[in-house]
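Report on one structure; see the data block that follows.
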Amino acid sequence: MTRLKFVVQTGDCSQACSCSDIWCRIIDWSGLKSPELKIRGSAEGAFQPGSSFAVILDVPGTYGPISEIEVRKDDVPEAYHWLLEKIKTSNLDTEDECTFNFSEGASAGEWFSPDNGLVHRRRVPVAEVFWCARDLSVYPDQNHHFLAIAFRSRNAASRLYPMHLTEESMSDIRYFLTLGGYAEGAGKMMCSRFNQEDDADTFRTYLNSGKYFGSWYDMDYEKHVIEPLEGKNEMELAGDIIRAGMNFMMHEDRPRADCSRRNCATFVNTLLASLGYPENYRVRKGAFWVDDCCEETLMDTSFFLLP
337 MTRLKFVVQT GDCSQACSCS DIWCRIIDWS GLKSPELKIR GSAEGAFQPG
387 SSFAVILDVP GTYGPISEIE VRKDDVPEAY HWLLEKIKTS NLDTEDECTF
437 NFSEGASAGE WFSPDNGLVH RRRVPVAEVF WCARDLSVYP DQNHHFLAIA
487 FRSRNAASRL YPMHLTEESM SDIRYFLTLG GYAEGAGKMM CSRFNQEDDA
537 DTFRTYLNSG KYFGSWYDMD YEKHVIEPLE GKNEMELAGD IIRAGMNFMM
587 HEDRPRADCS RRNCATFVNT LLASLGYPEN YRVRKGAFWV DDCCEETLMD
637 TSFFLLP
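Read left to right, the sequence shown gives residues 337 to 643 (my numbering).
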């Protein structure tokens, strides 16, 4: 049993006094789907438009971080239309939270259909993976490539990598890690490094641009989202990348760095190849503003597997 708190915020209605119960299902990152849950505005009555209400429910099952929600409401007379603005879910056992917005962009919300065969869906990734490129501190016309993973919650980050980093802004706390390929110089054996300081500082400018804008030398920082392969989700992709980085360091005969044939970009490209990403996808995601080298070259993918 999981104790969940739902905060539902509704918008305007086409006519007054149109009330309804709201029904929803939650889906966690692993695909576990709840039974349909009935959320009422109060013990006596249903939700009214233009209101916000919190409800706590005990839901059968044990849920990880919530990544998706399906919402519908009871039928109302055809003349009535009203808006759903947002639903916030909180797992009171793990403190994981997620807000599903139905008022993106200029819209004031999403209309509930009067013939509610219609189910409204929203999805918020639990983790996001990026192929990143930042300026080399001593050569700003050249890029260093690395991977970054942003987690939606502390619970999700700790589940995969307890040594994750945090970045606190005025509104929230972000959880993340970085992973890159390094060597102490040309001809030296390569290594994988989690949370290297310059990589981490660069990614902080994305997570909290208001705080760091103008204070970090890398003003053309770029990032490309890496989507999960078919049949995988974002948490599984993040876990696969972390394991691949750890596996790399278990090999005693790791490749040696070569600026023209084997570098940090090769590290990222080969890691993704070891996970099954096709060449055309990697070429597209590895293309950045600066004309780099080695982002399309490969080392042996077995270095990212257990020895």
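All C-beta atoms, glycine included, are put in the ideal place defined by N, C-alpha and C.
Own chain partners of residue i with C-beta closer than 6 Å, once the 5 adjacent residues on each side are dropped
i	result
V395	T338, L340 and S370
V343	A390 and K424
Q345	S388, E421 and K422
R644	Because residue 644 is not part of the residues shown, which for the chain are 337 to 643, the question remains open.
I392	K341
E464	A486
P591	M526, R598 and M635
N544	E503 and S505
Chain-order list of residues whose beta-carbon lies under 8 Å from that of residue i (same chain, five-residue window excluded)
i	result
Q532	F482, T514, G516 and Y518
G367	N569
M314	Lying outside 337 to 643, the shown extent of the chain, residue 314 is not represented and no answer is given.
A442	Confidence at A442 is low in this model, with a pLDDT of 42, below 50, so the placement of that residue is unreliable and no value is reported for it.
Residue i classed as buried or exposed, judged by whether at least 16 other C-beta atoms fall within 10 angstroms
i	result
S403	buried
C595	exposed
D471	buried
D589	exposed
W625	exposed
K547	exposed
D429	exposed
S507	exposed
C600	buried
T398	exposed
N616	exposed
F522	Before going on, a small fix: residue 522 reads as Ala here, not Phe. That one is exposed.
V462	buried
R408	buried
Proximity of residue i and residue j at Cβ, strictly below 7 Å
i	j	result
I363	I375	no
A580	F640	yes
L642	N583	yes
S489	D432	yes
M526	A469	no
E503	R510	yes
E406	R361	yes
F466	A484	yes
N-terminal and C-terminal residue of the beta strand (DSSP E) that residue i is part of
i	result
E632	First-last for E632: undefined, no H or E at that position.
T398	That residue, T398, is in no beta strand (DSSP E); it is neither H nor E in DSSP.
Y518	I509 to Y518
D429	Run containing D429: none; DSSP gives neither H nor E here.
H456	H456 to R459
F624	No beta strand (DSSP E) contains F624, which DSSP labels as neither H nor E.
F640	Taken as a continuous stretch (DSSP letters only), F640 belongs to no beta strand (DSSP E), as it is neither H nor E.
L501	L501 to E504
A463	A463 to D471
L373	L373 to I375
W365	First-last for W365: undefined, no H or E at that position.
Span of the alpha helix (DSSP H), counted from its first residue to its last, around residue i
i	result
S489	That residue, S489, is in no alpha helix (DSSP H); it is neither H nor E in DSSP.
K621	E615 to K621
beta-carbon residue i near the ligand NAD non-hydrogen atom, thresh 6 Å
i	result
I423	Within the structure as shown, the ligand NAD is missing, as the structure has no ligands at all.
Beta-carbon proximity list for residue i, same chain, < 7 Å, skipping 5 on both sides
i	result
E572	P564
L501	F512, L513, N531 and A536
G400	D364, W365 and S366
I578	L496 and Y497
F436	I405, K422, I423, R458 and V460
D576	L611
R529	G516 and Y518
**Request:** Would you mind listing the beta strand (DSSP E) stretches within the region 526-613 that are 3+ residues and don't spill past its ends, in chain order?
**Result:** Segments of the beta strand (DSSP E) lying fully in the region 526-613: 527-530 and 558-562.
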